[in-house]
Amino acid sequence: MLKERILESSFGYAVWSAPVKQAKVDAIKKMLQKCGIGENKVLDIGCGPGTNAEMFEGWDYLGVDLNPQYTEKAKIKFQGKRFICGDATRLELDGEKFPVILINSLMHHLNDQECAQLLEGIKPLLTEKGSVIVQEPLTPAPNQHLMRFLMKHDRGAYFRPLNEWQSLFEKCGLKIASDDFYVLKMAGITGWQMYSVLLEPDR
Ligand SMILES: C[S@@+](CC[C@H](N)C(=O)[O-])C[C@H]1O[C@@H](n2cnc3c(N)ncnc32)[C@H](O)[C@@H]1O
833 MLKERILESS FGYAVWSAPV KQAKVDAIKK MLQKCGIGEN KVLDIGCGPG TNAEMFEGWD
893 YLGVDLNPQY TEKAKIKFQG KRFICGDATR LELDGEKFPV ILINSLMHHL NDQECAQLLE
953 GIKPLLTEKG SVIVQEPLTP APNQHLMRFL MKHDRGAYFR PLNEWQSLFE KCGLKIASDD
1013 FYVLKMAGIT GWQMYSVLLE PDR
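Right, dumping it as structure tokens:
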């Protein structure tokens, strides 16, 4: 489909996501302040064309995405940052560990089993006090007709209500250390309600 082809190009995705980028960045920064990180190092899973890379200026940054068009362009655009093409549900990172793992708007592309594989797979990648920051959209309410229409046509087929997100995290032994909500706006129109959450493994 034409829409998929446009969004799968780095430029197409950057244009599409530009109106909502800042709100997500602000929410991630808020969670970063709560992490108490010792080392500025982050693993950004489902990093797209490097949407979040700019915010990690001066950090040791590794972005992973399934789409090689995104990771190849990101390598050129963000010199000094690392990007690899790979599947979030089967990460192989040679024992490297991270104090922060960011999952921004990836899991609504994954079914429950894939989410569980991802969440179980990242636990060994966290440093001793490491945290996971997740940003995901919530299923729109039944009377949000426009958003429900857009949800049906989104590339991600797994929007979830709050209790389902929370239960996915809990089943995988990740406890909610902090959470928050915000709304994405496009051209002044209220869009997705987002769930922002800071997770820590049961220690
Ligand atoms: C909505 S985009 C979010 C991109 C970026 N994190 C952002 O916030 O702009 C979802 C991203 O997840 C990637 N993705 C989907 N399934 C994946 C998988 N199994 N492994 C790694 N990346 C995946 C897509 O290629 C896409 O870049």
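Throughout, the working numbering is defined as the position within the sequence shown, counted from one, plus 832. Yeah, the Cβ is synthetic: ideal placement off N, Cα and C, and Gly gets one too.
Excluding five sequence neighbours on each side, which residues of the same chain lie with their C-beta closer than 7 Å to the C-beta of ILE1008?
GLN998, PHE1001, VAL1029 and LEU1031
For the beta strand (DSSP E) containing TRP1024, name the first residue and the last one.
1021 to 1033
Spatial neighbours of GLN901 in its chain, beta-carbon cut-off 7 Å, leaving aside the 5 residues before and after
GLU840, SER841 and SER842
Out of ILE860, ASN936, GLN945 and ALA885, point me to the one whose CA is closest to PHE910's CA.
ALA885
Short check: CB of LEU894 to CB of LEU864, under 9 Å?
no
Please name the residue or residues paired with ARG914 in a DSSP beta bridge.
LEU894
Using a threshold of 8 Å, is the CB atom of CYS947 nearer than that to any non-hydrogen atom of ligand 1?
no
Excluding five sequence neighbours on each side, which residues of the same chain lie with their C-beta closer than 7 Å to the C-beta of CYS1004?
ALA948, LEU951 and GLU952
Does the separation of the CB atoms of GLY878 and HIS941 fall below 9 Å?
yes
Taking 8 Å as the cut-off, is the CB of TYR902 close to at least one heavy atom of ligand 1?
yes
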